[in-house]
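Notes follow once the structure below has been shown.
There are 2 protein chains.
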Amino acid sequence: MTKVQAADLLRRNGIKKTRQREAVVRILAEAQAPLSVDSIHVRLRHKDDSVNLSTIYRMLEVLLEKGLVEQMHHPLGSKFTYVLSAYGHSHHLTCTRCGVSTRMDSCPVTTALGQLEASHNFHITGHRLEVFGVCAACKSK
Amino acid sequence: MTKVQAADLLRRNGIKKTRQREAVVRILAEAQAPLSVDSIHVRLRHKDDSVNLSTIYRMLEVLLEKGLVEQMHHPLGSKFTYVLSAYGHSHHLTCTRCGVSTRMDSCPVTTALGQLEASHNFHITGHRLEVFGVCAACKSK
DNA sequence: ATGTAGATGCAAATGCATTGCATTTGCACT
DNA sequence: AGTGCAAATGCAATGCATTTGCATCTACAT
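Line by line, the protein sequences give chains A and B.
Quick note, the numbering used here runs 60 ahead of the 1-based positions in the first sequence.
Quick note, the numbering used here runs 60 ahead of the 1-based positions in the second sequence.
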């Protein structure tokens, strides 16, 4: 995502534009997988674009309220991770050896949940699915 | 679960029997849903069977190693919760209003995952599904 | 009954996340 | 372009959940 596109996303959503916010959005946009606050922080430092940790937390809070990111627990550790929800509803395959998550291109459960809704008298508003295993790369080692 | 049954479970798994450990196992056995460490602690106090928090943490660590409990993030908060895995592989419906989780009696995804495995070249070893919504009780309010 | 490895309680340490406050900055208005 | 002000930032302090070090106690084998 270019600097301009990041600035656009902020303006369109009524979020005041700052160097820090643009930078965070760009990191999220470039990422192929959910990122922890810490890894966002590290990636920013590598770009010599340092942003304070609290600022990142506060920025993510804003993005959450606006529904622009999804927050989830890292499936193996105990931190939260974040993805731009522009990428849409998605699930991940997490490798238990290397810890890397990759996006699934489709959701394998939506159909199954309709039945569930009826049988449990529960109004379903969302779900989260995490799948664990060993990725192709780790298998070949 | 009776005191005797709890003691049995410990002995069968080569875990030294103590008042505290029996008590924790019984709380877990009686629970209908995953419990946080804190709520285990509170339930124990109500029974006048107080156990130190560290002891509960350490006990759960032991049970985890032996595969006797499953650990998961509380889907809404940021604590871990634990269920006896004797209850088998299961998923939960969590009410976003009252926070209560109830067990699903079946797993709606196992079949779907077979296909996934092939299409992503990923050896699947496990999965976790959380479903959110509004429970019957909260709906009627 | 007794010795010992392991379990417990307590307090302090850790790790992630949040918050209070002084300072800075973006932006609307002139 | 200059000015004012609300909002954003950085830093340090704080809040929780969890973990750890250590002195004491206890279950269990002998």
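Glycine residues also receive a C-beta, built at the ideal position from the N, C-alpha and C atoms.
Keep in mind the model is a prediction, meaning the values are calculated, not measured.
- Assignment of A:SER166 by DSSP, reduced to helix, strand and coil, places it in the coil class.
- Contact check between the segment 93-104 of chain B and the segment 134-142 of chain B: three or more CB pairs, one atom from each, fall below 8 Å, which counts as touching.
- Ranked by how close their Cα comes to the Cα of A:LEU88, the residues A:LYS201, A:CYS195, A:LEU104 have A:LEU104 in first place.
- When the five nearest sequence neighbours on each side are left out, the beta carbons in the same chain lying within less than 6 Å of the beta carbon of B:MET119 are those of ARG81, VAL84, in order along the chain.
- In the DSSP annotation of this structure, A:HIS101 is not part of any beta strand (DSSP E); the continuous alpha helix (DSSP H) holding it starts and ends at 97-106.
- In the three-state reduction of the DSSP assignment, A:CYS155 falls in the strand class, which pools E and B.
- A:THR185 reaches chain B at THR156, PHE192, GLY193, VAL194, counting residues in chain order whose Cβ is nearer than 8 Å.
- Ranked by how close their Cα comes to the Cα of A:HIS180, the residues B:ASN181, B:LEU153, B:SER179, B:GLY174 have B:LEU153 in first place.
- Each residue's CA atom was taken as its position, placing A:LYS63 and A:LEU144 some 16 Å apart.
- With its beta carbon less than 8 Å from one in chain B, A:MET164 belongs to the interface.
- It is roughly 11 Å from the alpha-carbon of A:THR162 to the alpha-carbon of A:PHE192.
- Against chain B, a Cβ distance below 8 Å from A:PRO168 picks out VAL169, ALA172, LEU173, GLN175, LEU176.
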